[in-house]
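Asks: Handing you this structure, nothing more for now.
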Amino acid sequence: MNWKLIFQLSVFGLIMAFATVFLIPEMIEPCFWLAIFLFCAYVIAQRVAGRYFLHGFFVSLVNGIWITAAHIVFYSTYIAHHPNVTKMAEQHPFLPGHPRLAMLIMGPVLAAAFGLILGLFSFIASLIVKRRVAVQ
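So the mapping is simple: the numbering used here equals the position in the sequence shown, first residue as 1, plus 953.
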């Protein structure tokens, strides 16, 4: 596993964590994520020798840590820009009065779900993209 590459690609998740809190509206956020996933899948396919799916999966897990932390720390600002999250938090079956705790629980679940998607993208990219030989 190329942990250095995983953490380098997770910087996109760190940037998006703050961007979704302060800049990016809820409606166009998926477009940014699609572009990031495609880029990460391409880089993974080009730079690693195998385990493409796992590399993509772990990038999303680390992204989930960044995003969950930023959304919990800046909860008030995040909620002000994402009103649908407020509705979902109020309708949470187990923690309707504790939205930050719900985020803390759901963050890793969503990160794993998106990890499956990025892992699949990375695997597919590995079938399409020619691998770049690493110079050491």
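All residues carry an ideal CB built from backbone N, CA and C; glycine is no exception.
Compute the distance between the beta-carbons of T973 and Y1031, then report whether it is under 9 Å.
Replies: Translated into positions along the sequence shown, residue 973 becomes position 20. Translated into positions along the sequence shown, residue 1031 becomes position 78. Cβ distance < 9 Å, so T973 and Y1031 count as in contact.
Asks: Hey, is the stretch 1016 to 1024 in contact with the stretch 959 to 979, meaning 3+ C-beta pairs nearer than 8 Å?
Replies: Output reads yes: the stretch 959 to 979 touches the stretch 1016 to 1024.
Asks: Taking 9 Å as the cut-off, decide whether the C-beta atoms of A1078 and A988 are in contact.
Replies: Along the sequence shown, read from residue 1 onward, the residue named residue 1078 stands at position 125. Along the sequence shown, read from residue 1 onward, the residue named residue 988 stands at position 35. No, Cβ-Cβ distance for A1078 and A988 is not below 9 Å.
Asks: According to the Cβ coordinates, are G1060 and H1024 closer than 9 Å?
Replies: Numbered from its first residue, the sequence shown carries residue 1060 at position 107. Numbered from its first residue, the sequence shown carries residue 1024 at position 71. Yes, the pair counts as a contact, with Cβ atoms nearer than the cut-off.
Asks: When the Cα of M954 is compared with those of Q1044, R1004, I977, which residue comes out closest?
Replies: Residue 954 sits at position 1 when you count from the first residue of the sequence shown. Selected option, being the one with the closest Cα: R1004.
Asks: Between P1052 and I1081, what straight-line distance do the alpha-carbon atoms span, to the nearest angstrom?
Replies: Numbered from its first residue, the sequence shown carries residue 1052 at position 99. Numbered from its first residue, the sequence shown carries residue 1081 at position 128. About 42 Å.
Asks: Which residue spans inside the stretch 968 to 1030 form an unbroken alpha helix (DSSP H) run of at least 4?
Replies: 982 to 1000, 1005 to 1026
Asks: Closest to L1057 by C-alpha separation, out of V1026, E1043, L1071, K1083, would be which residue?
Replies: Position 104 of the sequence shown, counting from 1, holds the residue named residue 1057. Looking at the Cα atoms, V1026 is the closest of the given residues.
Asks: If you count every other CB in all the chains shown that lies within 10 Å of the CB of F975, and 16 or more means buried, which is it?
Replies: As a working note, residue 975 is residue 22 in the sequence shown. Per the 10 Å Cβ criterion, exposed.
Asks: DSSP three-state call for P1046: helix, strand or coil?
Replies: Locating residue 1046 in the sequence shown gives position 93, where the first residue counts as 1. P1046 falls in the coil class under three-state DSSP.
Asks: Do G1009 and I1071 have their beta-carbon atoms positioned less than 9 Å apart in this structure?
Replies: On the sequence shown, position 118 is the one that residue 1071 refers to. On the sequence shown, position 56 is the one that residue 1009 refers to. Residue identity differs from the one stated: residue 1071 is Leu in this sequence, not Ile. Judged by beta-carbon spacing, G1009 lies within the 9 Å limit of L1071, meaning their Cβ atoms are closer than that value.
Asks: Relative to the C-alpha of C1083, which candidate in A1065, R1000, L991 has its C-alpha closest?
Replies: Locating residue 1083 in the sequence shown gives position 130, counting from the first residue. Correcting the residue identity first, residue 1083 is Lys in this sequence and not Cys. Checked all of A1065, R1000, L991; the closest Cα to K1083 is R1000.
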